[in-house]
Amino acid sequence: MLSRLSRPKAVAVCALPAAALFATAAAAPLPFSVAQPGLTANVLGANKGAAVITISGTPTRTTSGQLRMTTIEATGPDAHVLLGDVVDGWLRADRAVLPRDAVYPSGDTVKEIERHNSEQMRQSQDAATRAALKYLGLSDKNVKVTLKLADVGGPSAGLLFTLGIIDKLHGDGTGGDLTGGRTVAGTGTIDDAGNVGAVGGVALKTQAARRDGATVFLVPKAECPDAKAELPKGLRLVPVTTLDGAVDALVALEGGKGSVPSC
């Protein structure tokens, strides 16, 4: 049949199914999640009217500066992400397109995912408390630490929680603050031994950090390449692998003495 049509008509006839297919694809939900820079919170201060870190059983100190944990915001597990959303996400530096299964466990309901994230946050807080007290040589039998951060789940605030506890109890060890009065942000998991783990989404988290005034960003060393990919101007990356290394880097940065690692 097509051989009997003129070339323009044949092209038009062939284009109709392709156009219909594209229109269908554009309207169909895709198995992706689109992420963007999320909120940050100063763990040395308050969030939504409640102190993030509360310590009893031992004297605490007044701090200056900020230690801001960072997050990303992703479309929900039941959101309909369309082709236009995916293309837009690919074209924008402040967006990331991720497989939905990489963000949310496959098959889980929204409530199951929320419970999972809440449990990860609780475990992260417990590990942060143990790591900080171990670093300071204190016993959890005499010191009680309560961590509270509303509407945030997952384990990625572990490092910042740990540093916040240390700053409130010990500072830099010589009467100064770990932050040196700066706004320091970062991300990273923590375990009881003080090892810092990778978390993902660091390119978006650096943008959130700079947006909220940070000039220094602590990043798990393994994620330096991702952090450098879209690094905002005016934000200094400091790679870390352990709690000891993170504290040493902040002390060196504060005093202007000693080596501060860089990505």
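Numbering (numbering that gives the first Met the number 0), first residue to last: 0 to 262.
Just so it is clear, CB atoms sit at the ideal spot from N, CA and C, and this is done for glycine as well.
Segment limits, alpha helix (DSSP H) that includes residue i
i	result
E113	109-135
Beta-carbon gap between residue i and residue j smaller than 8 Å
i	j	result
T69	L43	no
A156	K47	no
V195	L158	yes
A40	R60	no
L177	V246	yes
I71	P36	yes
A197	L234	no
S117	T188	no
D166	A126	no
Q206	D93	yes
Opening and closing residue of the beta strand (DSSP E) in which residue i lies
i	result
P98	95-98
L38	31-41
E253	No beta strand (DSSP E) contains E253, which is instead part of the alpha helix (DSSP H) from 242-254.
A271	Because residue 271 is not part of the residues shown, which for the chain are 0 to 262, the question remains open.
A73	65-73
T53	52-55
V215	215-219
L236	235-239
Same chain, Cβ closer than 8 Å to residue i, five either side skipped, listed in chain order
i	result
G193	A130, K133, Y134, T161, T241, L242, D243
A248	L217, V237, V239, V259, P260
V109	G75, P76, D77
M120	L148, V151, G152, G153, P154, A156
F21	Since pLDDT at F21 reaches only 43, below the 50 mark, its modelled position is unreliable, and the value read off the structure follows with that caveat. The answer is none, since no qualifying residue turns up.
D100	P30
Same chain only: Cβ atoms within 7 Å of residue i, ignoring 5 sequence neighbours per side
i	result
V263	Look at the range of the chain in this structure, 0 to 262, and you will see that residue 263 is not part of it.
G175	E253
A24	In this predicted model, A24 has a pLDDT of only 46, less than 50, meaning its place in the structure is not dependable enough to derive any value.
V10	Bear in mind that the predicted position of V10 carries a pLDDT of just 49, short of 50, making it too unreliable to give a figure here.
T173	none
R210	P36
Cβ shell of residue i (< 6 Å), same chain only, five flanking positions each side left out
i	result
V250	D171
Y103	P76, I112
T128	V144
T57	V142
D139	L132
C262	C223, K227, L236, P238
G163	V42, L43, I52, L66
G64	D176, T178, G180, R181
K220	P238, T240
L38	T70
- Query: Which runs of the beta strand (DSSP E), 3 residues or longer, sit entirely within the region 133-207?
  - Reply: 143-146, 182-185
- Is there contact here, the region 168-188 with the region 211-227, by at least three beta-carbon pairs under 8 Å? Enough Cβ pairs lie closer than 8 Å, so yes.
- Query: For the 8 Å Cβ check, are there 3 or more pairs between the region 50-58 and the region 137-152?
  - Reply: Contact between the region 50-58 and the region 137-152 is present, because at least three Cβ pairs lie under 8 Å.
- Meets three-Cβ-pair contact criterion under 8 Å: the region 247-261 and the region 224-232: no
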